[in-house]
Structures are given as structure tokens and as C-alpha cells.
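Below: the structure, in C-alpha cells.
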Amino acid sequence: MQEQIFIESPRLFIRSWKASDIIDYIKMNQDPMVMKYFPKTLSTQETLNHFHKIQAHFIEFNYGLFALELKEENRFVGFTGLSHPQFNSFFTPCVEIGWRIDSAHWQKGIATEAANACLDFGFKNLNLEKIVSYTFIHNLASEKVMQKISMKKLTEFDHPNLETNHYLCKHVLYEINRTNK
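Heads up: the sequence shown begins at 13 in the working numbering, then just goes up one per residue.
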């Protein structure tokens with residue numbers, strides 16, 4: 013894998029993934045704190061499968077979920093990027109911005125910094141008109157990031173990949189348009 017830096021922010025290289033990221037990504041997806049608002053932690057194989065989906069998205073669209081490298085530590089600390097949700101809902105097809113940060117780096121503004129940079133990239137470089145984000149209604153940290161990057165709450169919805177009685181089913185949906193950024 014050849015590293016490519018797509019975006020640089022004050023503290024981050026927002027780049028393609030390197031083989032050396034995979035071990036940290038596996039650990040991150042097995043951290044119960046990181047995966048608190050997901051149906052479960054991911055096994056090594058499930059993380060590898062997700063990694064391959066991320067790579068396939070890059071091949072198809074030439075963008076996706078970018079690896080985040082904290083400059084001062086010169087190591088992978090999570091991902092942030094733009095992707096196409098693979099489920100049917102009233103707001104799909106669309107482009108979603110999402111993030112997952114190693115819990116050791118929470119509450120340092122990394123998700124917000126990376127998400128702002130990715131929004132700029134999406135609007136300026138990819139010429140997108142609208143970007144959405146969604147999360148479980150009790151994931152207040154992610155919802156706060158959405159608010160900090162000037163996204164506006166549209167509604168709540170039941171995630172179509174979860175049973176309606178599943179405790180994670182109810183989500184909030186936010187969006188931002190090119191003209192609002």
C-alpha cells in the first residue's frame with residue numbers, strides 16, 4: 013500500500029491506509045468503549061472485512077474513510093471520511109461523513125478537526141452538494157461533533173439494519189449543504 017496524504021490539518025495527516033494501521037484498527041474495533049454504540053465489538057476477521065470494504069470504496073470513488081495520523085505521534089489514531097451508506101432509507105443514496113477515534117485520543121478535538129477538513133474536501137474537491145451524518149440517539153459525543161461542524165439536525169429515524177426493538181435502533185440524522193459551510 014502506497015501512502016497518500018489527501019488532506020492535512022493542523023495536527024493530522026488525513027491519508028490512505030497503511031498496512032501498519034491494521035493492527036491498531038483491530039485493537040480499536042475490539043475496544044468496548046469505542047464500540048459502545050455499535051451492535052458489538054468486531055473480531056479480527058470482521059475488522060479485516062471492514063478494512064477491505066474501505067479499500068473497495070476508495071477504488072470505486074477515489075475517496076472514502078481516511079486513516080488519521082496524529083503528526084506528533086506519527087501513528088494511526090482512527091478514521092474520518094466520506095462514504096456511501098449501503099442501506100435503503102428515505103435519505104439514501106447519499107454521502108455520509110463518519111469517524112471512529114481510538115479512545116486514548118478522545119476529548120482532544122481530533123474528530124472535529126478531521127471532520128471539518130473532510131467536509132471542506134467533500135465540498136471543494138469532490139463538488140458535493142450535501143453531506144449527512146447519523147448516529148444512535150444516545151451517542152451524544154458524536155452528535156456534538158456534528159453540531160460543532162455546523163451540521164443541522166433533520167430528524168430521528170429507525171436504522172433499517174436493526175430490529176425496531178433493538179436498543180440501538182433509534183438514530184439522529186444531521187446534514188450540511190455546500191451553501192451552509
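Ideal placement from N, C-alpha and C gives every residue a C-beta, glycine not left out.
{"Query": "Residue 37 (DSSP reduced to helix, strand or coil)", "Result": "helix"}
{"Query": "Start and end residues, alpha helix (DSSP H) containing residue 56", "Result": "56 to 73"}
{"Query": "Where residue 161 sits in the DSSP three-state scheme", "Result": "coil"}
{"Query": "Selected residue, minimal CA-CA separation from residue 23, among 49, 42 and 84", "Result": "84"}
{"Query": "Burial state of residue 141 (16 or more Cβ within 10 Å)", "Result": "exposed"}
{"Query": "Sequence-distant residues of the same chain with beta carbon closer than 7 Å to residue 154, five excluded per side", "Result": "147"}
{"Query": "Buried versus exposed, by CB contacts within 10 Å (16 or more), residue 45", "Result": "exposed"}
{"Query": "Range covered by the beta strand (DSSP E) that runs through residue 187", "Result": "182 to 189"}
{"Query": "8 Å Cβ cutoff met for residue 90 and residue 75", "Result": "no"}
{"Query": "Sheet register partners of residue 112 (DSSP bridge)", "Result": "91"}
{"Query": "Cβ-based burial, residue 179 [other Cβ within 10 Å; buried from 16]", "Result": "exposed"}
{"Query": "Proximity winner among 125, 173 and 28, relative to residue 157 (alpha-carbon distances)", "Result": "125"}
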